[in-house]
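In this text, residue positions in the sequence shown follow the numbering used here: the first is 16, and each later residue adds one.
One structure below.
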Amino acid sequence: MDHFLYRDGALFAEDVAIAEIAAAVGTPFYVYSTATLLRHFRAFDEALEGMDHLVCYAMKANSNQAVLKTLAQAGAGMDVVSGGEYRRARAAGVPGDRIVFSGVGKTRDEIRLALEGGIRQFNVESEPEMIILDAIAQELGVVAPITVRVNPDVDAKTHAKIATGKSENKFGIPIARAREVYAMAATMKGLDVIGIDVHIGSQLTDLTPYEQAYQKVAELTQTLRDDGHTITRLDLGGGLGIPYERSNADPPLPSDYGAMVKRTLGHLDCEIEIEPGRLIAGNAGLMVSEVIYVKSGEGRDFLIIDGAMNDLIRPAMYDAHHDIIPVIEPAAGIEPQPIDIVGPVCESGDTFAKQRLMPPLAAGDLVAFRSAGAYGAVMASEYNSRPLIPEVLVKDDQFAVIRARPTFDEMINRDTIPEWL
Ligand SMILES: *Cc1c(COP(=O)(O)O)cnc(C)c1O
């Protein structure tokens, strides 16, 4: 069930009118639905029912404290990829033993932070990292639980910038060298090898690459066990795609994914971890923006809105599609017209959609970008000195600002002037 629906011709987030939030916080802004976040988390949790499992939300998709707390209270663990994310997860009340540390370039400081603060496991991505982790763990007198991230060399068939499971990608160690690396890990006193990790990419819309990767993980589990390693945990990564276009896509559901996991890995009697980000947060958020001008160009018209590429970079960065809908429902029988939807930033890349069919809109009207809850606010910048836009969380008929828009002074005063000026 969708929690962003029209009611009597006006768009709502759960039981709150979008126009009411716009009046309170100004545009542009992000708004998230608690019910949708929880529904998506539970869909994964239920998909793995019957297997010992933990859903570790990949918080890089949306790391607002209120979002983390909502999911953590529902039982989610967290997948973090930096010391900053580790601190954010802890600040939101997530205990260390529910935090998984992923990432190809963990620094010594980040490793120390997690070892001292408590960690479920490190997903180690290279031998040099393994050596450093072992040394720091021994220095602190602790043992670091680890999996090794293997690169299964499968084509995730997704956008090149978010494919991570081919041998040419920087992630993990080649699966063909896994035995060697596990043998090395087993000799290290600061490490406790507990499992295998794999993550092949993001926005996957087909289960086949997963199944190929997981079959390789199943074989590797047997091989490593035969070599004498204790493999009790499999971290299967995230990456399940979402329908960005309501009209034409239907990516696999978490339940299909869960059934495939049971089919390929269920016999191994391992604890399963998964790290979904986009599928939990993506369709739980909108970006709402106001039309500034409608401009007639040569052969095409432009809808110039107050949101821009610095607020939502996915179209510029990944050629991503977002459905864009008016906040006032168009009357029946209105003929949509093609129009380019653009922001005010001084780059042609600041284009959200070309020749998109939209009902007639005028300055002052509000539009909502669907599927903007993941990789939206977290990737925003203040390019063109446009302050970060606020984030709002809705729960039933309540809403709260969960990150305020900085004032212009706050934005400017982050810079400091050297004495000599
Ligand atoms: C990005 C990432 C995820 C989450 O990917 P989604 O597409 O948002 O589900 C999970 N695990 C790792 C290691 C990642 O880098």
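Each residue gets a CB set at the ideal place from its N, CA and C atoms; glycine is no exception.
Keep in mind that this is a model prediction, so the values were computed, not measured.
Original post:
Quick one: is T454 buried, meaning 16 or more other Cβ sit within 10 Å of its Cβ, or exposed?
Top reply: The structure shown has nothing for residue 454, since the chain only spans 16 to 436.
Original post:
My guess is that I161 and F137 are in contact by the Cβ rule of under 8 angstroms, so how many angstroms apart are they, rounded?
Top reply: Mapped onto the sequence shown, residue 161 falls at position 146. Mapped onto the sequence shown, residue 137 falls at position 122. I161 to F137, Cβ: 5 angstroms. Contact.
Original post:
Is E290 near ligand 1, in the sense that its beta carbon is under 8 angstroms from a heavy atom of that ligand?
Top reply: Working through the sequence shown from its first residue, we reach residue 290 at position 275. Between ligand 1 and the CB of E290, the shortest heavy atom gap is smaller than 8 angstroms.
Original post:
Should the region 329–347 be called in touch with the region 364–374, which here means at least 3 C-beta pairs below 8 angstroms?
Top reply: Touching, per the Cβ criterion.
Subject >> Per DSSP, cross-strand counterpart(s) of V136 >> reply: The residue you call residue 136 lines up with position 121 of the sequence shown. Per the sequence shown, residue 136 should be read as Gln rather than Val. Answer is V115, bridged to Q136.
Subject >> Cβ neighbours of S48 in the same chain (closer than 6 angstroms, five flanking residues each side left out) >> reply: What you label residue 48 is simply residue 33 of the sequence shown in a count that begins at 1. Answer for S48: H18, A28, E29, A299 and V409, listed in chain order.
**OP:** May I ask you to check if the CB of H336 is nearer than 8 angstroms to at least one heavy atom of ligand 1?
**Re:** Residue numbering aside, residue 336 sits at position 321 when the sequence shown is read from its first letter. No - ligand 1 has no heavy atom lying nearer than 8 angstroms to the Cβ of H336.
**OP:** Could you tell me if the beta carbon of S141 falls within a distance shorter than 8 angstroms of some heavy atom in ligand 1?
**Re:** Here residue 141 refers to the residue found at position 126 when the sequence shown is read from its first residue. False, no ligand heavy atom lies under 8 angstroms from that Cβ.
Original post:
Quick one: what's got a C-beta closer than 6 angstroms to L236's C-beta in the same chain, skipping five residues either side?
Top reply: Here residue 236 refers to the residue found at position 221 of the sequence shown. The residue asked about is misnamed: residue 236 is Thr in this sequence, not Leu. Result list for T236: I246 and L283, in chain order.
Subject >> Contacts around V158, its chain only, beta-carbon distance under 8 angstroms, and the 5 residues preceding and following it disregarded >> reply: Residue mapping note: residue 158 aligns to position 143 of the sequence shown, counting from 1. Within the same chain, V158 has close Cβ partners A152, K204, G205, L206 and D207.
Original post:
Rounded to a whole number of angstroms, what is the C-alpha to C-alpha distance between G24 and G92?
Top reply: As a working mapping, residue 24 is identified with position 9 in the sequence shown. As a working mapping, residue 92 is identified with position 77 in the sequence shown. Rounded to whole angstroms, G24 to G92 spans 39 angstroms at the Cα level.
**OP:** Could you check which residue in I114, A73 and L318 has the C-alpha nearest to that of P341?
**Re:** Counted from its first residue, the sequence shown places residue 341 at position 326. It is L318.
**OP:** Specify the secondary structure class of Y398 as computed by DSSP and reduced to three states.
**Re:** On the sequence shown, position 383 is the one that residue 398 refers to. Three-state DSSP puts Y398 in a helix.
Subject >> Beta-carbon proximity of G297 to F367, cut-off 9 angstroms >> reply: Taking the first residue of the sequence shown as 1, we reach residue 297 at position 282. Taking the first residue of the sequence shown as 1, we reach residue 367 at position 352. The answer is no: Cβ separation not under 9 angstroms.
Subject >> Same chain, Cβ closer than 7 angstroms to K84, five either side skipped, listed in chain order >> reply: Position 69 of the sequence shown, counted from the first residue, corresponds to residue 84. Non-local C-beta neighbours of K84 in its own chain, meaning closer than 7 angstroms and more than five positions away in sequence, comprise A107 and G108, ordered along the chain.
Original post:
The alpha helix (DSSP H) spanning Q218 covers which residue range?
Top reply: Along the sequence shown, one-based indexing puts residue 218 at 203. Here Q218 belongs to no alpha helix (DSSP H), and DSSP marks it neither H nor E.
**OP:** Kindly give me the distance between the Cβ atoms of G364 and A73, rounded to whole angstroms, as I take these residues to be in contact under 8 angstroms.
**Re:** Within the sequence shown, numbered from 1, the residue matching residue 364 stands at position 349. Within the sequence shown, numbered from 1, the residue matching residue 73 stands at position 58. Contact check for G364 and A73: beta-carbon distance about 26 angstroms, past the 8 angstroms limit, so the pair fails to qualify.
Subject >> Separation of A383 from H337, as counted between CA atoms >> reply: Within the sequence shown, residue 337 is the residue found at index 322, counting from 1. Within the sequence shown, residue 383 is the residue found at index 368, counting from 1. Near 10 angstroms, if we compare the C-alpha coordinates of A383 and H337.
Original post:
Should A88 be listed as close to ligand 1, given that the test is whether its C-beta is under 8 angstroms from any heavy atom?
Top reply: In the sequence shown, residue 88 corresponds to position 73, counting from 1. Sequence check: residue 88 is Gln here, not Ala. Flag unset: Cβ of Q88 not near ligand 1.
Subject >> Local conformation of A383 per DSSP, three classes >> reply: Within the sequence shown, residue 383 is the residue found at index 368, counting from 1. In the three-state scheme derived from DSSP, where H, G and I count as helix and E and B as strand, A383 is classed as strand.
Original post:
What residues in its chain sit with their C-beta under 6 angstroms from that of G111, if we drop five residues either side in the sequence?
Top reply: Taking the sequence shown and counting its residues from 1, one reaches residue 111 at position 96. Contacts found: G132, G133 and I134.
**OP:** Identify which residue in H244, A175 and R192 has its Cα closest to the Cα of P167.
**Re:** Mapped onto the sequence shown, residue 167 falls at position 152. Comparing Cα-Cα distances from P167 to each of H244, A175 and R192, the minimum goes to R192.
Subject >> N- and C-terminal bounds of the beta strand (DSSP E) containing P433 >> reply: As a position in the sequence shown, residue 433 is number 418, starting the count at 1. Neither: P433 is in no beta strand (DSSP E) and is coded neither H nor E.
**OP:** Closer than 7 angstroms by C-beta to S97: which residues in its own chain qualify, once you throw out the five before and the five after it? Chain order, please.
**Re:** Translated into the one-based positions of the sequence shown, residue 97 becomes position 82. Here the set comprises G118 and E125.
**OP:** With a floor of 3 residues, list each beta strand (DSSP E) that falls wholly inside the region 261–318, ordered by position along the chain.
**Re:** Listed in chain order, the complete beta strand (DSSP E) runs (minimum 3 residues) inside the region 261–318 are 286–289 and 300–311.
Subject >> alpha helix (DSSP H) segment containing F59, residue limits >> reply: Indexing the sequence shown from 1 puts residue 59 at position 44. Segment T49 to A62, the alpha helix (DSSP H) holding F59.
**OP:** Would you check if the distance between the CB atom of R420 and the CB atom of I404 is smaller than 9 angstroms?
**Re:** By one-based count along the sequence shown, residue 420 stands at place 405. By one-based count along the sequence shown, residue 404 stands at place 389. Remark: C-beta atoms of R420 and I404 approach each other more closely than 9 angstroms.
**OP:** Name the residue from E144, T220, N325 and Q227 whose alpha carbon lies nearest to the alpha carbon of V196.
**Re:** Stepping through the sequence shown from its first residue, residue 196 is reached at position 181. Restricting attention to E144, T220, N325 and Q227, the CA atom closest to the CA of V196 is found in E144.
**OP:** With DSSP as the reference, label P330 as helix, strand or coil.
**Re:** Within the sequence shown, numbered from 1, the residue matching residue 330 stands at position 315. Here P330 sits in helix by DSSP.
Original post:
Across which residues does DSSP place C71 in a beta bridge pair?
Top reply: Numbered from 1 along the sequence shown, position 56 holds the residue referred to as residue 71. The partner list for C71 (beta bridge, DSSP) reads G92.
Subject >> Exposure of F423, with buried meaning 16 or more beta-carbon neighbours within 10 Å >> reply: As a working mapping, residue 423 is identified with position 408 in the sequence shown. Label assigned to F423: exposed.
Subject >> Under the three-state DSSP convention, the category E406 falls into >> reply: Start at 1 with the first residue of the sequence shown, and residue 406 comes out as number 391. E406 falls in the strand class under three-state DSSP.
**OP:** Please determine, among M332, W435 and V303, the residue with the shortest C-alpha to C-alpha distance to G1.
**Re:** One cannot answer for residue 1 here, as it falls past the ends of the chain, which runs 16 to 436.
Original post:
Hey, is N138 close to ligand 3, as in C-beta under 8 angstroms from one of its heavy atoms?
Top reply: Ligand 3 is not part of the structure shown, which contains ligand 1 as its ligands.
Original post:
Where do the N-terminal and C-terminal ends of the alpha helix (DSSP H) with I161 fall, by residue?
Top reply: One-based indexing of the sequence shown puts residue 161 at position 146. Not the alpha helix (DSSP H): I161 falls in the beta strand (DSSP E), residues A159 to N166.
**OP:** Look at the alpha carbon of V309 and the alpha carbon of L381, and state the distance between them as a whole number of angstroms.
**Re:** Residue 309 sits at position 294 when you count from the first residue of the sequence shown. Residue 381 sits at position 366 when you count from the first residue of the sequence shown. So the alpha carbons of these two residues sit roughly 13 angstroms apart.
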